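Positions 21 to 181 (the working numbering) are the ones given, in order, by the sequence shown. Each residue gets a CB set at the ideal place from its N, CA and C atoms; glycine is no exception. On a predicted model such as this, the values are computed, not experimentally measured, just so you know. Report on one structure; see the data block that follows.
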Amino acid sequence: MDIKKERHIAIRRAVKNHSISSQEELKNILEKDGFTFAQATLSRDIKELKIVKYPDVNGDYIYTFHGENNYSSELNSSADENEISSRATSSLEFSGGLAILKTRPGYAMGIASDIDSLASEEILGTIAGDDTILLIPREGISRKAVIDVLQNIILNLKYEI
21 MDIKKERHIA IRRAVKNHSI SSQEELKNIL EKDGFTFAQA TLSRDIKELK IVKYPDVNGD
81 YIYTFHGENN YSSELNSSAD ENEISSRATS SLEFSGGLAI LKTRPGYAMG IASDIDSLAS
141 EEILGTIAGD DTILLIPREG ISRKAVIDVL QNIILNLKYE I
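Below you can see the structure in the form of structure tokens.
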């Protein structure tokens, strides 16, 4: 196996097994495992492996793999696993036929993905930034229907029509 593949395997293992908040921290872990490389090499590896910083349950940003949800501890243990705690969201507002859902920093992409998969009959799609989700309801779907479906996904989401 070539050194790059070995390094990528070691990086994946380190990210899965440790709460790493900086490239320097990751580099130190890898150097303890016998790897030597430049910082630029590590930056390229992080990009190639699609590793991103995402908030953990304490609000600290740590490395994780793109697409993994690190807000899972926000889920209410007595609730259905598909329900997101309202602690992950802060507000819902409508403008015309569109809605904006504000989230905690770093949560928007994971929550938008859940909304896309759990509310596909009511929501045509979402666009997510770091802490904001644009919800695009399907044609003919009322605000009340959007609110109802979001309240089924997001525990204790408060919104009055």
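Secondary structure of residue i, DSSP reduced to three states
i: residue 144; result: strand
i: residue 159; result: coil
i: residue 111; result: strand
i: residue 13; result: No answer is possible for residue 13: it lies beyond the span of the chain, which begins at 21 and ends at 181.
i: residue 30; result: helix
i: residue 36; result: helix
i: residue 70; result: coil
i: residue 138; result: helix
Cutoff 9 Å: residue i Cβ touching any chain C Cβ
i: residue 24; result: Any reference to chain C falls outside this structure, which holds one protein chain only.
Spatial distance of residue i from residue j (CA atoms)
i: residue 28; j: residue 113; result: 43 Å
i: residue 111; j: residue 35; result: 32 Å
i: residue 161; j: residue 122; result: 21 Å
i: residue 138; j: residue 146; result: 12 Å
i: residue 32; j: residue 39; result: 12 Å
Proximal residues to residue i (C-beta, below 8 Å), its chain only, five neighbours per side dropped
i: residue 43; result: 59, 62, 63 and 66
i: residue 37; result: none
Proximity below 9 Å, CB of residue i to CB of residue j
i: residue 156; j: residue 144; result: yes
i: residue 196; j: residue 135; result: Past the edges of the chain, shown from 21 to 181, lies residue 196, and the structure says nothing about it.
i: residue 50; j: residue 57; result: yes
i: residue 142; j: residue 166; result: yes
Proximal residues to residue i (C-beta, below 7 Å), its chain only, five neighbours per side dropped
i: residue 128; result: 148, 149, 150, 151, 152 and 153
N- and C-terminal bounds of the alpha helix (DSSP H) containing residue i
i: residue 47; result: 43-52
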